[in-house]
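Structure, as structure tokens:
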Amino acid sequence: MKILIVDDSSTMRRIIGNVVMQLGFSRDDFDEAEDGVKAWKILGDNQYDIILTDWNMPNMNGLELVQKVRA
204 MKILIVDDSS
214 TMRRIIGNVV
224 MQLGFSRDDF
234 DEAEDGVKAW
244 KILGDNQYDI
254 ILTDWNMPNM
264 NGLELVQKVR
274 A
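Remember, my numbering sits 203 above the position in the sequence shown when you count from 1.
In structure tokens, the structure reads:
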């Protein structure tokens, strides 16, 4: 299972990544992006089963990202 973690806070990305690893996933099972724009670029090259995204981010917020993914 591939997971994409999207958050503008590097601390939150690290915390979420640690929780994901505590759930039994490895570091190779997830990627990170610091905003919706970078996540959208990553999504163009990869497929993910789960996207864990922050709501409030610069450039493209979480809602805008989810709307683009679902469109």
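Every residue gets a Cβ at the ideal spot worked out from N, C-alpha and C, and that includes glycine. Quick caveat, the model's predicted, so the values are computed rather than measured.
With a threshold of 16 other beta carbon atoms within 10 Å, Arg273 falls short and is exposed. DSSP, read as helix, strand or coil, puts Asp231 in helix. Straight-line measurement puts the Cα of Pro261 at about 15 Å from the Cα of Arg216. Taking the Cβ atoms as the reference, Ile206 lies roughly 19 Å from Leu266, outside the contact range of under 8 Å. Counting only runs of 4+ residues, the alpha helix (DSSP H) found wholly inside the segment 217-265 occupies 239-248, in chain order.
The residues Arg216, Asp257, in chain order, have a CB closer than 6 Å to that of Asp210 in the same chain once the five nearest residues on each side in sequence are set aside. Distances from the CA of Lys271 to each of Ala242, Glu235, Asp231, Leu226 were compared; the closest alpha carbon is that of Ala242.
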